[in-house]
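Only one structure is covered here, and it is reproduced in the block below.
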Amino acid sequence: MGPVLAGVLQLLDLIAALALAYKPLGTYMAKVYTSDKHWRVEKWIYKGIGADPDTEMRWPAYLRGVLAFSAVGVLFLYLLQRLQGHLPGSLGFAAIDPDQAFNTAASFVSNTNWQSYYGEQAMGHVVQTAGLAVQNFVSAAVGIAVAVALVRGFARSRTGELGNFWADLVRGVVRILVPIAVVGAIVLVACGAIQNFSGIHEVGQFMGGSQQWNGGAVASQEAIKELGTNGGGYFNANSAHPFENPTPFTNLFEIFLILLIPFSITRTFGIMVGSVKQGYAILATMATIWVGFVALMMWTEFSHHGPAFQAAGGAMEGKEARFGIGASSIFAVSTTLTSTGAVDSFHSSFTGLGGGITLLGMMLGEIAPGGVGSGLYGMLIMAIIAVFIAGLMVGRTPEYLGKKIGSREIKLAACYILITPALVLVFTAFAMALPTPANSMTNSGAHGFSEILYAYTSGANNNGSAFAGLNADTQWFNSTIGLAVLLGRFLPMVFVLALAGSLAEQKPVPETAGTLRTDKPLYTGLLVGTIIIITGLTYFPALALGPLAEGLA
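Numbering that gives the first Met the number 0 applies: residue 0 is where the sequence shown begins, and numbers increase by one.
And the structure:
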């Protein structure tokens, strides 16, 4: 079997698995967020945190809950890292430096999981499990909660109430993320991923010296790292490390976990707004972009230009031999079209155009299918922009799901889509203009520019993957990327929740003959075009200076 055919067959297997899980999981999540009953363990949690899960919140109160919970998470994780040298199970590692501790705390709480440290050489068992792994669960649940609040804004009328943040948060963790992550961890352990609390030990003699490894609760963190579209690896090599991702099967299984909730939540959306067809339209948009990007990536990486590529069967540099080009391409696209920082190959070693595809995937806003929750609310914002454009073309007030898209709604949507590009481009411009940040680049020219552009694109879009080749463990990059991940996560949530509150207060508009049908293929095509055009107009100059210049050289 040729490598191209193997890659295509893996893609088809993945699509089949996602299709089988789509309906049951999407329906189950809809029941989770519409149920009025509380599990006993959930009642214990509510009592412990002093929350009343039955109290409805308007959008300012919901936002305060999101920000307060996240601020406490940043502070707790920062202190845990700074006190690591005094904690049991630290493996002898010292406290994390202040700037790196801030960067890591901001990164994991914001579901970004950008890492400027070597996991196996910096973090002990307590920080990894009680700090980083916990944030993998709760940061993902926060994203789902905000998405559900926006869906309620479409589904409800003549009320500003969007549900209860604490109930949505707890249910997301207890009823969705924990059960699936447990099953995922068992599968990974059965296939060879490690799960222990061993210390540092030597594994052999290499070139006259010994190599040391430490164990850890890797499989359990790996499962939620992918399921929650987090991405932070236990080891520096991330999902290219055999302890995290030992076989081609686990590689495909991890991609499945990454895409599982972001795709399935479109059915949750359809059920909660009373039209499953609307969920299918959003799903079709996400799937079209994802499949298209995978096809483009495989084409760029399998193209045989030059004797080295011909001998290797494609661009094998930076890719694991046990996965190959096809599986690495699927993983790279899936991780950059979602907010997952996991990598099973090093994107800096992709072809110039291949690296550009990973960049473009993040620049779309990671909405195809995007992160858990964040992908859905990002796509719904683009859906609003698309119906607004359609309304301008036919000269009528745009409507979406029975709600009029007026000046307030379109201003909030516009602010949402502008904030992340502003963060990326401004921080990149400063990093390139100042003398010190440029010293962290290991490559010059277009590729060096791509390293810095990728870093801030990854941070501000809450992705967390790295292009590799950039020394990001400096005070400048730790501080500015930490700031970018916080602003890139929580400023858009302000606009999402404000939009949800505005929509929930509206009176439903009856459908007429002139209403744009948003559950038809025509609208799906319009939505895909809107996403590509808006992103292209925003980022094309930056892409032209980096990956396009390198790929066309």
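Backbone N, C-alpha and C define an ideal beta-carbon position, used for all residues, glycine too.
Legend entry - Closest Cα partner of Arg63 within the set Asn477, Leu490, Gly545: Stepping through the sequence shown from its first residue, residue 63 is reached at position 64. Per the Cα distances, Leu490.
Inset, instruction - Within the stretch 241-315, note down every full alpha helix (DSSP H) run reaching 4 residues or more, in order along the chain. - result: Within the stretch 241-315, the complete alpha helix (DSSP H) runs of at least 4 residues fall at 247-271, 275-301, 306-311.
Inset, instruction - Taking all protein chains shown into account, decide if Met0 is buried (16 or more other Cβ within 10 angstroms of its Cβ) or exposed. - result: Taking the first residue of the sequence shown as 1, we reach residue 0 at position 1. The residue is exposed, with fewer than 16 neighbouring Cβ atoms inside 10 Å.
Inset, instruction - Check the C-beta distance from Glu450 over to Ser347 and give it rounded, since I have them as a contact under 8 Å. - result: Here the question's residue 450 lines up with position 451 in the sequence shown. Here the question's residue 347 lines up with position 348 in the sequence shown. 7 Å between Cβ atoms; contact.
Inset, instruction - Would you mind working out which of Pro509, Asp98, Asp53, Leu4 sits nearest Phe164, comparing C-alpha positions? - result: Position 165 of the sequence shown, counted from the first residue, corresponds to residue 164. Selected option, being the one with the closest Cα: Asp53.
Inset, instruction - Quick one: grab the DSSP three-state call for Trp212. - result: For the purposes of this step, residue 212 is taken as the residue at position 213 of the sequence shown. In this structure, Trp212 counts as strand in the three-state DSSP scheme.
Legend entry - Between the CA atoms of Leu336 and Arg488 - distance to the nearest angstrom: Stepping through the sequence shown from its first residue, residue 488 is reached at position 489. Stepping through the sequence shown from its first residue, residue 336 is reached at position 337. Rounded to the nearest whole angstrom, the C-alpha separation of Arg488 and Leu336 is 16 Å.
Legend entry - Proximity to Leu17 [Cα-Cα], best of Ser263, Gly524, Leu66, Leu359: Indexing the sequence shown from 1 puts residue 17 at position 18. When only C-alpha atoms are compared, the closest one is Ser263.
Legend entry - Inter-residue spacing [alpha-carbon to alpha-carbon] between Leu358 and Asp51: Indexing the sequence shown from 1 puts residue 358 at position 359. Indexing the sequence shown from 1 puts residue 51 at position 52. CA-to-CA, the gap between Leu358 and Asp51 works out to about 42 Å.
Legend entry - Burial state of Asp12, where buried means 16 or more other Cβ atoms lie within 10 Å: Working through the sequence shown from its first residue, we reach residue 12 at position 13. By the neighbour-count criterion, in which a residue is buried when 16 or more other Cβ atoms sit within 10 angstroms of its Cβ, Asp12 is exposed.
Inset, instruction - Thinking Val272 and Phe387 are a contact (beta carbons under 8 Å), I'd like their distance in whole angstroms, please. - result: Against the sequence shown, residue 272 aligns to sequence position 273. Against the sequence shown, residue 387 aligns to sequence position 388. Incorrect: roughly 19 Å between the Cβ atoms, too far for contact.
Legend entry - Proximity below 9 Å, CB of Thr419 to CB of Gly351: One-based indexing of the sequence shown puts residue 419 at position 420. One-based indexing of the sequence shown puts residue 351 at position 352. No, they are not a contact pair.
Inset, instruction - Step through the CB atoms of chain D and report whether any lies within less than 9 Å of the CB of Thr427. - result: Among the chains of the structure shown, chain D does not appear; only one protein chain is present.
Legend entry - At least three beta-carbon pairs within less than 8 Å, the stretch 423-440 to the stretch 460-473: Counting Cβ pairs under 8 Å, three or more are found: they touch.
Inset, instruction - Answer yes or no: do Thr111 and Val484 have a C-beta to C-beta separation smaller than 9 Å? - result: Here the question's residue 111 lines up with position 112 in the sequence shown. Here the question's residue 484 lines up with position 485 in the sequence shown. With respect to Val484, Thr111 sits close: the two C-beta atoms are nearer than 9 Å.
Legend entry - Lys318 - DSSP class collapsed to helix/strand/coil: Numbered from its first residue, the sequence shown carries residue 318 at position 319. Strand, per DSSP.
Inset, instruction - Measure the Cβ-Cβ separation of Pro247 and Ala326 and say whether it is below 9 Å. - result: Position 248 of the sequence shown, counted from the first residue, corresponds to residue 247. Position 327 of the sequence shown, counted from the first residue, corresponds to residue 326. Pairing Pro247 with Ala326 gives a Cβ-Cβ distance under 9 Å.
Inset, instruction - Starting from the Cα of Val31, find the closest Cα among Arg266, Gly444, Ala105, Ile185 and give me that residue. - result: Taking the first residue of the sequence shown as position 1, residue 31 is located at position 32. Residue Arg266 is the option with its Cα nearest to Val31.
Inset, instruction - Using beta-carbon positions only, say whether Gln99 and Ser89 come within less than 9 Å of one another. - result: Residue numbering aside, residue 99 sits at position 100 when the sequence shown is read from its first letter. Residue numbering aside, residue 89 sits at position 90 when the sequence shown is read from its first letter. No, the Cβ-Cβ distance between Gln99 and Ser89 is not below 9 Å.
Legend entry - Contact check, Ser457 vs Phe448, beta carbons under 9 Å: One-based indexing of the sequence shown puts residue 457 at position 458. One-based indexing of the sequence shown puts residue 448 at position 449. No.
Legend entry - Reference Pro59; option with closest CA among Ala497, Leu536, Gly535: Position 60 of the sequence shown holds residue 59. For Pro59, the nearest C-alpha among the options comes from Ala497.
Legend entry - Rounded separation between Glu319 and Ser34 - CA only: Here residue 319 is taken as the residue at index 320 of the sequence shown, counted from 1. Here residue 34 is taken as the residue at index 35 of the sequence shown, counted from 1. Cα to Cα, Glu319 sits roughly 45 Å from Ser34.
Inset, instruction - Could you check which residue in Ile380, Gly353, Leu486, Gly355 has the C-alpha nearest to that of Ile366? - result: For the purposes of this step, residue 366 is taken as residue 367 along the sequence shown, with counting starting at 1. Closest option to Ile366, Cα to Cα, is Ile380.
Inset, instruction - Determine the extent of the alpha helix (DSSP H) in which Phe153 is found, giving its start and end residues. - result: Residue mapping note: residue 153 aligns to position 154 of the sequence shown, counting from 1. Per DSSP, Phe153 is one residue of the alpha helix (DSSP H) stretching across 133-154.
Legend entry - alpha helix (DSSP H) segment containing Ser327, residue limits: In the sequence shown, residue 327 corresponds to position 328, counting from 1. In the DSSP annotation of this structure, the continuous segment of the alpha helix (DSSP H) that includes Ser327 starts and ends at 323-336.
Inset, instruction - With DSSP collapsed to three states, give me the class of Lys402. - result: Here residue 402 refers to the residue found at position 403 when the sequence shown is read from its first residue. The answer is strand: DSSP assigns Lys402 an E or B state.
Legend entry - Simplified DSSP state of Glu510, which is helix, strand or coil: Here residue 510 refers to the residue found at position 511 when the sequence shown is read from its first residue. Coil at Glu510, not helix or strand.
Inset, instruction - Would you decide whether Lys402 is buried or exposed? Buried here means 16 or more other CB atoms lie within 10 Å of its CB. - result: One-based indexing of the sequence shown puts residue 402 at position 403. That one is buried.
Inset, instruction - Could you spell out the range, first to last residue, of the alpha helix (DSSP H) harbouring Leu161? - result: Counting from one through the sequence shown, the residue named residue 161 turns up at place 162. Element bounds for Leu161: n/a, residue is neither H nor E.
Inset, instruction - Check each candidate in Val147, Ala180, Val182 and name the one with the smallest Cα separation from Asp559. - result: No answer is possible for residue 559: the residues shown for the chain start at 0 and end at 552.
Inset, instruction - Can you have a look at Thr396 and say buried or exposed, based on whether 16 or more other CB atoms are within 10 angstroms of its CB? - result: On the sequence shown, position 397 is the one that residue 396 refers to. With fewer than 16 Cβ atoms within 10 Å of its Cβ, Thr396 is classed as exposed.
Inset, instruction - State the DSSP-derived secondary structure class of Met392, mapped to helix, strand or coil. - result: Translated into the one-based positions of the sequence shown, residue 392 becomes position 393. Met392: helix per DSSP, three-state reduction.
Inset, instruction - Enumerate in chain order the residues of its own chain whose CB-to-CB distance from His446 is below 7 Å, with the five nearest sequence positions on each side excluded. - result: Start at 1 with the first residue of the sequence shown, and residue 446 comes out as number 447. Taken in chain order, the residues that qualify are Glu549.
Legend entry - Residue range of the unbroken alpha helix (DSSP H) whose run includes Ile193: Taking the first residue of the sequence shown as 1, we reach residue 193 at position 194. Element bounds for Ile193: n/a, residue is neither H nor E.
Legend entry - C-alpha gap between Gln80 and Val126, whole angstroms: Along the sequence shown, one-based indexing puts residue 80 at 81. Along the sequence shown, one-based indexing puts residue 126 at 127. Looking at the two C-alpha atoms, the distance is approximately 7 Å.
Inset, instruction - Kindly indicate which three-state DSSP category Glu55 falls into: helix, strand or coil? - result: As a working note, residue 55 is residue 56 in the sequence shown. The answer is coil: DSSP assigns Glu55 none of H, G, I, E or B.
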